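For reference, the structure is listed below as structure tokens.
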Amino acid sequence: MSIVQIAARFILGAVVIAAPLSKTLSTSLALAAVVLIAILWGGIDGIRDARAHADPDDYEDLTVRWLKAGLLAGFISCLVSWIVGTAGWFNGIGQSSFAVEIFAGTSFITLIIFVPAFFGASIGRLIIRREQRKAERNAEAPTEQTPVAA
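So for the sequence shown, full-length UniProt numbering puts the first residue at 1; every next one is plus one.
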């Protein structure tokens, strides 16, 4: 997710420099892309976890995993963006002070990764649980035997 966030920030920086009037649309699209990737990735995690553990009590703790992933992605992307922007290698990103970039940026990025990923994991688990329940019902349903004519 760090690479996704860094790519989104660099692409957004380039677009805003090239077309400053499209900043709102560009920001919305970049944010939507990061959120969509987090939902899909979380959904894949939820599906894998539900398939690996038939009993919901045995599920892995994806909440903490995605919180850590969000914190790490936020910290790394903010640090990289601040270094690149401050060093002058790429104007348009990392323009805030270091403290603001690290604390506010990391907090925001953590939320835009954690919440959608947790939602995706929940939906992924729900889909697999529905399939498992349906398979259990079909296995328990009595099958009618047709009499064989003699």
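C-beta: ideal position from N, C-alpha, C; glycine also.
Treat the numbers as computed from the prediction; the structure is a model and nothing was measured.
Proximity winner among the options, relative to residue i (alpha-carbon distances)
| i | options | result |
| --- | --- | --- |
| Arg129 | Ile39, Phe118, Ser81 and Pro56 | Pro56 |
| Gly70 | Ser28, Arg137 and Ala38 | Ala38 |
| Phe114 | Gly88, Leu72 and Tyr59 | Leu72 |
| Trp89 | Gln5, Ile3, Lys134 and Gly13 | Gly13 |
| Asn91 | His53, Val15 and Asp58 | Val15 |
| Asp49 | Gln5, Ala30 and Leu126 | Leu126 |
| Ala32 | Ala18, Glu136, Asn138 and Ile112 | Ile112 |
| Tyr59 | Ser122, Arg133, Val100 and Ser2 | Ser122 |
Nonlocal neighbours in the same chain, by C-beta distance under 7 Å from residue i, ignoring five residues either side
| i | result |
| --- | --- |
| Phe98 | Trp82 |
| Thr63 | Phe118 |
| Gln95 | Gly85 |
| Arg9 | Ser77, Ser81 and Ile93 |
| Pro116 | Val35, Ala38, Ile39 and Gly42 |
| Gln5 | Val34, Ala73, Ser77 and Ile109 |
Residues near residue i by beta carbon distance below 6 Å, same chain, minus five either side
| i | result |
| --- | --- |
| Gly124 | Gly43, Gly46 and Ile47 |
| Gly120 | Ile39, Gly42 and Gly43 |
| Gly74 | Thr106, Ile109 and Thr110 |
Same chain only: Cβ atoms within 8 Å of residue i, ignoring 5 sequence neighbours per side
| i | result |
| --- | --- |
| Ile102 | Phe75, Cys78, Leu79 and Trp82 |
Residue i classed as buried or exposed, judged by whether at least 16 other C-beta atoms fall within 10 angstroms
| i | result |
| --- | --- |
| Ser26 | buried |
| Ala30 | buried |
Any non-hydrogen atom of the ligand ATP within 7 Å of residue i CB
| i | result |
| --- | --- |
| Ser2 | Within the structure as shown, the ligand ATP is missing, as the structure has no ligands at all. |
As an exercise, report each continuous alpha helix (DSSP H) stretch of at least 4 residues that is fully enclosed by the segment 2-62, in chain order.
If only complete runs of 4 or more residues are kept, the segment 2-62 shows the alpha helix (DSSP H) at 2-18 and 23-52, in order along the chain.
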